[in-house]
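Encoded as structure tokens, the structure appears first; notes follow it.
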Amino acid sequence: MADTVESQSEFESQSQFQGLNPSLFFSLEARESSQLDQLKILKVLSALEYQAWFEVQESAIQDFLLSINFLPEPGKFLVMPLKNKILVLVIKTELSLETLALCQEALPPGDYELEGLSSDHLIQAAIGWGLQAYEFSKYKKSSSKLNKSSVLKRLILSEENLKIVLPYCQAHYLIRDLINTPADDMGPSELAQAAFGVAQKFSANFECIRGEDLRNNFPAIHAVGRASDDGPCLIQFSWGNKAHKKLILIGKGVCFDSGGLNLKDPEGMRWMKKDMGGAAHVLGLAELIMQAKLNLFLEVYIPAVENSVSGNAYRPGDVVRTRQGLSIEIGNTDAEGRVILADALCLASEQKPDLIIDFATLTGAARVALGPDLPALFSNDLHFSNVILEMGLKYEDPLWPMPLFQPYKAYLKSPIADLNNMSKVSYGGAITAALFLENFVGSNISWCHIDLMAFNTSSRAARPEGGEAMSLRAVFHAIEKRYGKN
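Now the structure itself:
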């Protein structure tokens, strides 16, 4: 393999993702007065608000609602044709994100205007409308859902609200598309291409390190990915004013995880195309940050590999060197994510940033502890991690705090190396993985580690089965609060 540091001149922009269908939304200001006669109103009420609304309706409407025994239960809705409009009664759900998502597919075609929601709830409900319409149709011959739902039904929003809603939906769609793309079309090279597309959109400086340059400077990343025909790389881009405080985002980019020589069983391997979900999240978050023009200097690092099996695959019992100089005994080749993140965290720490945040589909132990929908948050900065948790609750994008319990570092000791990539015990696997990563974070640097599923195992409102953005909005709003806008 030749020395290779590929700059942006080596890449071409490729539009390989379907993105958000613009027909999902319509500008209130662009609506013509002639359309007023065809209004469809989405009247959103709580169960308590419904009773007050019902009591002031004309008797014909009251009699109709009583005749069908309409009960104002969360998530229920009713389409009512009136004189010059169609009224859709929607009963609020506990999560505003789900309020419109639950009824979207059953609504008749047309343009819909919202009534009855406060500003914050309106934004959440509109995001849910956009997320519900997502379908990964790249490999389908035709898509009935896009024909019947997205193209023919539009939510009318003000220009101001559109500017808020659309970036979130677009970032979610990017993350979902990246994760849902099969590994034969989303290896390290394609992931680098996707990252270049994000960087190019905002004139960010991009490079991709491969080959001998990677082996010499990032030996842990190289060791994990060297068995694949699509060789490993470290994807990097930077954006913003260097005079501002530096934020570094790191995303685990394991494009497929066979488990290596510690081969996974068929069930465990089935969805391992999603093991680059951390990288996908970093790209979606970076896009939000750059579009919002936050007052920071951003660097993004994605160690991209495929954990494959071949004659030169790294082995259980091997000792792998890292950029930092620490040696790692490989207790299990299926604990590869933490190994590649070690080099990326070391590089990030060398830059003396204000904050490092890494995203990784790192452990099954985090899923055992918290289930598939709740990412685990580890941090050495309790103030900032509490802001993330606060934003998660506010924007219906929750995480759960987990401890960096220092005594568990003893489980990572190795008799022949500085540490082992696998704990000696089966307990606290998400904690010991986070503690492993902490070895590569520089002192006095704020750091957050998010261990997430990045995948919906089944469909529910606003969350179709497949790749999913988790903690995206929570972390973005926390970053926005920390740094502000230009």
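Just so we're aligned, residue -4 is where the sequence shown starts under my numbering, counting upward by one. Heads up, the beta-carbon is just placed ideally off N, CA and C, and yes, glycines get one too. Remember, predicted model here, so these are calculated numbers, not experimental data.
Whole-angstrom distance between Leu61 and Leu447, CA atom to CA atom: Within the sequence shown, the letter at position 452 stands for residue 447. Within the sequence shown, the letter at position 66 stands for residue 61. For Leu447 and Leu61, the distance between alpha carbons rounds to 46 Å.
Per-residue burial, Ile63 [other beta carbons within 10 Å of its own, 16 or more giving buried]: Start at 1 with the first residue of the sequence shown, and residue 63 comes out as number 68. With fewer than 16 Cβ atoms within 10 Å of its Cβ, Ile63 is classed as exposed.
Anticipated Cβ contact below 8 Å, Phe379 with Ala473, distance rounded: Along the sequence shown, one-based indexing puts residue 379 at 384. Along the sequence shown, one-based indexing puts residue 473 at 478. The pair is a contact, with the Cβ atoms about 7 Å apart (cut-off 8 Å).
Ile223 versus Pro298 - alpha carbon distance: Mapped onto the sequence shown, residue 223 falls at position 228. Mapped onto the sequence shown, residue 298 falls at position 303. Correcting the residue type first, residue 223 is Ser in the shown sequence and not Ile. Rounded to whole angstroms, Ser223 to Pro298 spans 14 Å at the Cα level.
Residues that Leu293 bridges to, as DSSP identifies them: Here residue 293 is taken as the residue at index 298 of the sequence shown, counted from 1. According to DSSP, which records beta bridges pairwise, Leu293 is partnered with Trp234, Leu242.
Beta-carbon contacts of Asp392 that lie in its chain and below 7 Å, excluding the five residues immediately before and after: If you number the sequence shown from 1, residue 392 lands on position 397. Only Ser466, Leu467, Arg468, Ala469 meet the Cβ criterion.
Close Cβ partners of Phe213 (< 6 Å) along its chain, the five nearest in sequence each way excluded: Residue mapping note: residue 213 aligns to position 218 of the sequence shown, counting from 1. So the list reads Leu229, Arg318, Asp338, once near-sequence residues are dropped.
Residue(s) in a DSSP beta bridge with Arg555: The first residue shown for the chain is -4 and the last is 481, placing residue 555 beyond what the model contains.
Cβ-Cβ distance between Ala364 and Ala166 below 8 Å: As a working note, residue 364 is residue 369 in the sequence shown. As a working note, residue 166 is residue 171 in the sequence shown. It is not a contact, given that the beta carbons lie outside the stated cut-off.
Assumed close pair Leu77, Gly123 - CB separation to whole angstroms, cut-off 8 Å: For the purposes of this step, residue 77 is identified with residue 82 of the sequence shown, where counting begins at 1. For the purposes of this step, residue 123 is identified with residue 128 of the sequence shown, where counting begins at 1. Not confirmed; about 25 Å, so no contact.
Leu503 and Leu278 closer than 8 Å at C-beta: The first residue shown for the chain is -4 and the last is 481, placing residue 503 beyond what the model contains.
Beta-carbon proximity check, Phe72 vs Val83, cutoff 8 Å: Here residue 72 refers to the residue found at position 77 when the sequence shown is read from its first residue. Here residue 83 refers to the residue found at position 88 when the sequence shown is read from its first residue. Taking 8 Å as the Cβ cut-off, Phe72 and Val83 qualify as a contacting pair.
Option nearest Cys98 by Cα separation, candidates Lys476, Asn307, Arg455, Phe131: Position 103 of the sequence shown holds residue 98. For Cys98, the nearest C-alpha among the options comes from Arg455.
Beta-carbon gap between Pro311 and Ile325 smaller than 8 Å: Here residue 311 refers to the residue found at position 316 of the sequence shown. Here residue 325 refers to the residue found at position 330 of the sequence shown. In contact: Pro311 and Ile325 (Cβ atoms closer than 8 Å).
Cβ separation of Pro183 and Gly220, assumed to be a contact under 8 Å, to the nearest whole Å: Looking up residue 183 in the sequence shown gives position 188. Looking up residue 220 in the sequence shown gives position 225. At roughly 7 Å, the Cβ-Cβ gap stays under 8 Å, so Pro183 and Gly220 are in contact.
Backbone CA spacing between Ala425 and Lys268 [nearest angstrom]: The residue you call residue 425 lines up with position 430 of the sequence shown. The residue you call residue 268 lines up with position 273 of the sequence shown. Answer to the nearest angstrom: the Cα atoms are 21 Å apart.
Where Glu202 sits in the DSSP three-state scheme: Your numbering for residue 202 matches position 207 in the sequence shown. Glu202 falls in the strand class under three-state DSSP.
6 Å CB neighbourhood of Tyr107 in its chain, flanking five on each side removed: Position 112 of the sequence shown holds residue 107. Answer for Tyr107: Lys35, Leu37, Leu150, listed in chain order.
Integer-rounded CB distance, given that Asp376 should sit under 8 Å from Ser441: Residue 441 sits at position 446 when you count from the first residue of the sequence shown. Residue 376 sits at position 381 when you count from the first residue of the sequence shown. About 4 Å separates the two Cβ atoms, so the contact holds.
Contact test: Phe292 Cβ vs the ligand ADP heavy atom, cutoff 7 Å: As far as ligands go, the structure on display features none, and thus does not contain the ligand ADP.
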